[in-house]
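This report refers to the structure that appears directly beneath it.
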Amino acid sequence: MSDTPDQEAVARVWSAMYDLVLRQEDRRKEVAETLGVSFFRVKALRRLLAGPKTMRELTADLSTDKPYTTLMVDDLEQRGYVTRSVSPDDRRSKIVTLTPAGTAAAEAAERILARPPRSMLALDPGDLATLDRIMTSLRTPS
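The sequence shown begins at 1 in the UniProt record's numbering and counts up one residue at a time.
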């Protein structure tokens, strides 16, 4: 027996996981429609749940560029989701902070994204236990 995974089986399983998470019940679309902003803006709000960030930190967290981060933060600020203030440590740096409305929106997004797909809720308990064991092993570094 070979220790090399069956590449076709790996591709099939990955395709099924991708389909389950990103196609069957597209939570990203649901979140964006619920909050009325792009999922990328939702991602920014969720990153800010951990606490205020400088524009530079937010740009790095989102793997985007400074001009796009500025556009996005401008939009979120106009919607009342964030405020921008001057850093007390470096007057050239701006700090982005969630407003109460932004916190509520980010928390709503978290609740939607954390909701399991209906098909998982319908799994046989034994199958769910097996899937739990497998997913735990995939999350744990070797």
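Beta carbons: idealized from backbone N, C-alpha and C, even for Gly.
Here the structure is a predicted model, which means the values were calculated and not measured.
In terms of Cα proximity to Ile95, the closest of Glu33, Arg84, Glu25 is Arg84. For Thr83, the uninterrupted beta strand (DSSP E) segment begins and ends at 82-86. Here Arg46 has Ala106, Ala109, Glu110 as same chain residues with Cβ atoms under 7 Å from its own Cβ, once five neighbours each way along the sequence are excluded. A direct Cα-Cα distance of roughly 20 Å separates Val10 from Ala129. Assignment of Val96 by DSSP, reduced to helix, strand and coil, places it in the strand class.
The alpha carbon of Ser87 has as its nearest neighbour, out of Thr54, Met72, Pro116, Ala16, the alpha carbon of Thr54. In summary, Arg41 is buried, with 16 or more beta-carbon neighbours lying within 10 Å of its beta-carbon over all protein chains present.
Considering only Lys66, Leu35, Ala16, the residue with the shortest C-alpha distance to Ser93 is Lys66. In this structure, Ala101 and Met72 do not form a Cβ contact; the two beta carbons are roughly 16 Å apart against a cut-off of 8 Å.
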